[in-house]
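For my numbering, add 638 to where a residue sits in the sequence shown, where the first one is 1. Just so it is clear, CB atoms sit at the ideal spot from N, CA and C, and this is done for glycine as well. A quick write-up on the structure given underneath.
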Amino acid sequence: MKTLKITGLAIALLAGISACQQADDFLEPKTSALDETLVFQDSLRTMAFVNRIYGDISFSFNKGRWSSHGNSEQATDDAEYKYSGVGQTAVILYSGTLSPLNFPFGEYWSLPYANIRRVNLLLTKLSSTPLSPALQRRVTAEVRFLRAYYYYNLLTVFGGVPLIGDKVFEINDFIDLPRNSYQECVDYVVSELDAAAQVLPSVAQYSEENYGRATRGACLALKSRMLLYAASPLFNGSAETQNATLASIVSYPTYQASHWQRAADAAEAVIASGQYSLMEDNTTADGYGFYQVFLKRVNPEYIFFQNRPANRDMEGFYNMPTRGGQNNSYPTHSLVQSFPMKNGKAITDPTSGYDPTKPYDNRDPRLGYSIVYNESLYFLPSANALRPVYTYEGAPSDGYTYSGQMTGYFARKMCDVNVSANSSFTTERGWPLLRYAEILLNYAEAITEAGKPELAYPKLVALRKRAGITPGADQLYGLKANMTQAEMRELIRNERRIELAFEDHRWNDIRRWKIAMSVNNGFNTRIRIVRSGTNYTYEVTNSIRRHNFRTEMYLLPIPDGEIRKMPASLQNPGW
C-alpha cells in the first residue's frame, strides 16, 4: 500500500481544491457549497477564480506583509524597523536569526505554489467553461504569465525549485519532487512569458474595465527582470557551494558574459515596443512627474501593478504621528546621502555644492518626494494646510530620540503630501510591480556588464531629466563623461537605490549583486539634529540594532519540514 506524505509544498499545491470548495477564497464570503463543477460552469465564477490568482501578485511588495506592519525593506540598509521584538518577522530577517527550523516567511514558499496550482487547475477546466473561445485564449495567456510571475518569486528567493508543469496534484498523490536546475527554471519562465506575449494584447488594446490585467508588455518586462537577475553575480556561476549538483540547482554552473547581453536585449524589447514612457512634468515643479507617477493608477509608466483605489494604505503605513500614520518604516541616513545634488553630482564630489550645515538644500528633487526630513512640508489636518514636520531631537511629536528606533526621517514616497493618513480622501493609486523606469535601469545595468557602458548614458539621462536634475553644459545631468565599466556599475547601483526606493527591490538587489555582506552587516545610520534657536547642528549616529547578514542568507533556506518530507529536494547551501 502506498504511504501518503503531505508536505508543505503538497498543501500549497492542493490549496486550489479548497479554493473550489470554499467560496470565500475567491467569491463573496456569504456564498458557500461551491465545488469545481459549479465554479467552472459559470462564466462569472470562472473569472472570479482568475481574479483570485491575481489577488496575490503584490504579496512581496505589500507594506503590511509581515505582522501587518513590515516587509523586506526594513531588513536592508534603506530603512529601520519600528518594532524590536525578537519574534517579529522583519527582526528575524535583519538580525540573521532565521534558520530552516525558524522560518517565519512561509508565504515565500507556499503562496507561489498555491497560485501555480490554481493556474494548473484552471487550465484543465477552461475549455469546458462558457467563456468564449477568444476569452479562453486570452485567459490562458494571462494565467501563464501569472504562473511565470510566481515562479520568478520562488527563483529569486531560493534558486531552482521543483517545476510541476501543468500537473494538478490531488489529495492522494505522493509528492516528493526534486528541485530543477536554475537554468531549467529560468528557461521555463522565459518560455512561458514568450508564449503568453504572443497572445496577450498591448496595454492600449485593453478596454477600460480590463485595465491592469497582464499584457504583452508585462510579459516582456518580467522577462527583462528575470534575465537581469539570472545574469547577476549571485546566480551567474557564483554559487556558495562546492557541491556541483547543488551549484547547478541554485545558479548557472559557470559564469557566462552572454547572460548580460541577453538581459539587455530583453529590456530593449520593452523600450522598443513604444508602449511606455516616463511620466515627466518639470513645469509644475522640478521632478513633479516622479511624485505623480505613484498617485496616478493610469499613467504611461506602469507596466504591471496592483490596483489600490480609494485607499490610504501608504499614508497609513508611512506617515509620521502628527499626520495620523503608523510610521512603521524609518529611512536611513545612508539612503538620504545616496541622493545626489540637483546638479546630479554626488554629495561627496567637492564641486557638487553640498553644504553639510544645510544638508537638504539643492538636492535631487527625488529626495524631497521620497523622504520627509526636518522642516519638510506636509499636510496637517488641524491647520488644513501644509506645515513643517520637525524631526529634530526633542521635537513635540515627530522628533528623533537617541535611544529610540527613529532615524530622523520618515518615508514619503508613494504618499500624497496634500492629505494625511486620517484624512477623508480617495486616490487613484496602484502599487507599482513593474514600471518603465526599472526597465531603463535594467538595460543600463545589463549593457554595462556586457562591456558597453557608453550605451547606458541615454537611459540614465532620461531618468535624471525626469527627476528634475539640471542638464549642465554637457547635457549629461551630472553624469561623468566616459565612465569606466566599474564607475558606471556603481553609478547604476546607486541610481537603482534612489529611483526604486521602497518598491521591493533593495533586498533582492543587494543579494543578487552579492554586496549584502558589506552594506547590510552592521549598524544603519541615523541623523541626530539638535536645535538651538533657529539653527540646527547635525550628527550622524548608528542605529540601535545591528543587522547581521550571513553568507548563506544570499539564498533563504527551504523550511526544514519541507526537506524532511521531500528528501528528493536538496537544501540550499549553508543551511
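Have a look at 704, 820, 1164 and flag the residue whose alpha-carbon is nearest the alpha-carbon of residue 744.
704
Less than 7 Å between C-beta atoms, sequence neighbours within five positions excluded: which residues of the same chain meet that for residue 954?
963, 964, 1059
Outcome for residue 735 when other beta-carbon atoms lying within 10 angstroms are tallied against a minimum of 16
exposed
Helix, strand or coil for residue 1010, going by three-state DSSP, please let me know.
strand
Would you mind listing the alpha helix (DSSP H) stretches within the stretch 1060-1110 that are 4+ residues and don't spill past its ends, in chain order?
1074-1087, 1095-1105
Residue 767 and residue 684: beta carbons closer than 7 Å?
yes
Using the Cα positions of residue 660 and residue 687, report the straight-line distance between them to the nearest angstrom.
For residue 660, the predicted structure reports a pLDDT of 37, less than 50, and the residue's modelled location is therefore unreliable. The matter cannot be settled from this model.
Residue 691 and residue 776 - do their beta-carbons sit closer together than 7 Å?
no
Using a Cβ-Cβ cutoff of less than 7 Å, which residues in the same chain neighbour residue 821 once the five nearest sequence positions on both sides are dropped?
890
Would residue 980 pass as a contact of residue 1000 if the rule is Cβ separation under 7 Å?
yes
Given this structure, state the Cα-to-Cα distance separating residue 641 from residue 815, to the nearest angstrom.
Note that residue 641 scores a pLDDT of 32, beneath 50, so its modelled location is shaky; the value from the coordinates is reported in the next line. Residue 641 and residue 815: Cα-Cα distance of roughly 15 Å.
If I follow the unbroken beta strand (DSSP E) through residue 1174, where does it start and stop?
1173-1184
Please return the same chain residues whose Cβ sits closer than 6 Å to the Cβ of residue 966, not counting the five positions on each side in sequence.
707, 720, 955
Beta carbon of residue 1165, beta carbon of residue 1046: below 7 Å?
yes
Assuming residue 1104 and residue 918 make a contact with CB atoms under 8 Å, what is their CB distance in whole Å?
4 Å
In the DSSP assignment, find the alpha helix (DSSP H) that holds residue 1169 and state where it starts and stops.
Segment 1161-1170 is the beta strand (DSSP E) holding residue 1169; no alpha helix (DSSP H) there.
Measuring only the C-alpha atoms, how far is residue 946 from residue 1063?
13 Å
Using 8 Å for Cβ pairs, my map puts residue 916 next to residue 1082. What's the rounded Cβ distance?
Not a contact, Cβ separation roughly 14 Å.
Do residue 1139 and residue 1008 have their beta-carbon atoms positioned less than 7 Å apart in this structure?
yes
If we ignore side chains and look at the alpha-carbon of each, how far apart do residue 899 and residue 825 end up?
16 Å
If you measure between the beta carbons of residue 1158 and residue 694, is that distance less than 7 Å?
no
Beta-carbon gap between residue 1137 and residue 1075 smaller than 7 Å:
yes
Between residue 927 and residue 845, what straight-line distance do the alpha-carbon atoms span, to the nearest angstrom?
25 Å
Going by the DSSP bridge assignment, what does residue 796 pair with across the sheet?
Note: residue 796 sits in no beta bridge, so no partner.
In the DSSP assignment, find the alpha helix (DSSP H) that holds residue 821 and state where it starts and stops.
820-835
I'd like to check one pair, residue 1077 with residue 870: are the Cβ atoms closer than 7 Å?
no
Are there 16 or more other CB atoms within 10 angstroms of the CB of residue 930, so buried, or fewer, so exposed?
buried
Have a look at residue 1068 and residue 856 and give me their C-alpha separation to the nearest angstrom.
15 Å
Using DSSP with H/G/I as helix, E/B as strand and the rest coil, what is residue 1052?
coil
Quick check on the DSSP output: the alpha helix (DSSP H) that includes residue 1132 runs from which residue to which?
1123-1137
Measure how close the beta-carbons of residue 933 and residue 1066 come, nearest whole angstrom, since I'm counting them as under 8 Å.
6 Å
How should residue 670 be labelled, buried or exposed, when 16 other C-beta atoms within 10 angstroms of its C-beta is the threshold for buried?
Here the model assigns residue 670 a pLDDT of 47, short of 50, so the residue's position is not dependable and the matter cannot be decided.
What does the alpha-carbon distance come out to for the pair residue 1207 and residue 730?
25 Å
Just to confirm my understanding: we take residue 989, look at its own chain, exclude 5 residues before and 5 after, and list those with CB closer than 8 Å. What are they?
983
Cβ-heavy atom distance between residue 923 and the ligand HEM below 6 Å?
Questions concerning the ligand HEM fall outside what the structure shown contains, since it holds no ligand whatsoever.
Taking C-beta to C-beta, are residue 1048 and residue 1010 nearer than 7 Å?
yes
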